[in-house]
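Each residue of the sequence shown is one higher than the one before, starting from 6 at the first, in this note's numbering.
For each residue, glycine too, the CB sits at the ideal point set by N, CA and C.
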Amino acid sequence: MVVIAIVVLVIALGDGDESTTPAPSASTTPATQQQTSEPAEERADLISFQLDDRSQAGITNIWLVWTIKNSSSEKSDYSWEWEAVDASGTRVANGSQLETHVQPGQTAKGEYPTTLKSVKGVKLNITSFNRTASY
């Protein structure tokens, strides 16, 4: 809850800081995020963003999966940059994702394959996040 409040505060101040923030996990719910007294910010629309290890029979198959809920009053496009960091602090992957034409109040789910070889000790960070009006 403290991390969410700090992220909301940094975004609200608009300091242009490009520092990383931990990616939300599936356990974060919209109800929990909206319990704060501050208005929901665009970053709070990314409800979950995590790694899904679908590996089997010795074949590595790790995907990014996410859920976005548009809390604005207009159709929106979302773009964000992320990084995967191992336990020693080394960036092992990074990229950007896009979710478009999400209607007000609508939830969108997405997934994308990665080149990661393991999820053990890997932490996802969001390095930038933007919501723009969709036309």
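In or out: residue i buried (at least 16 other Cβ within 10 Å) or exposed?
i: Ala49; result: buried
i: Ile67; result: buried
i: Glu46; result: buried
i: Phe134; result: buried
i: Ala138; result: exposed
i: Gln102; result: buried
i: Tyr83; result: buried
i: Arg136; result: buried
Rounded to whole angstroms, how far is the Cβ of residue i from the Cβ of residue j, which I believe are closer than 8 Å?
i: Asn130; j: Trp87; result: 7 Å
Say yes only if the C-beta of residue i is nearer than 8 Å to one or more non-hydrogen atoms of the ligand ADP, and no if none qualify.
i: Tyr83; result: For the structure depicted, the ligand ADP is absent and the ligand set is empty, with no information on it obtainable.
Closer than 7 Å by C-beta to residue i: which residues in its own chain qualify, once you throw out the five before and the five after it? Chain order, please.
i: Thr72; result: Ile52, Ser53, Thr112 and Lys114
i: Pro118; result: Trp68
i: Asn75; result: Asp50, Ser81, Val107, Gln108, Pro109, Gly110 and Gln111
i: Gly63; result: none
Looking only at C-alpha atoms, which of the options sits nearest to residue i?
i: Pro109; options: Lys128, Ser81 and Gly100; result: Ser81
i: Thr105; options: Thr132, Ala62 and Glu79; result: Glu79
i: Leu56; options: Thr132, Thr95 and Val90; result: Val90
i: Val97; options: Lys128, Thr132, Gln61 and Ser60; result: Lys128
Are the CB atoms of residue i and residue j nearer to each other than 9 Å?
i: Val124; j: Asp58; result: yes
i: Gly100; j: Leu69; result: yes
Ignore the nearest five residues each way along the sequence and tell me which others in residue i's own chain have a CB closer than 8 Å to its CB.
i: Thr65; result: Leu121, Lys122 and Ser123
Using a Cβ-Cβ cutoff of less than 6 Å, which residues in the same chain neighbour residue i once the five nearest sequence positions on both sides are dropped?
i: Ala92; result: Gly126
i: Met6; result: Note that Met6 scores a pLDDT of 35, beneath 50, so its modelled location is shaky; the value from the coordinates is reported in the next line. So no residue of the chain qualifies.
i: Glu116; result: Trp68 and Val70
i: Ser60; result: Asn66
At a Cβ threshold of 9 Å, is residue i touching chain B?
i: Trp68; result: Protein chains in the displayed structure number just one, and chain B is not present.
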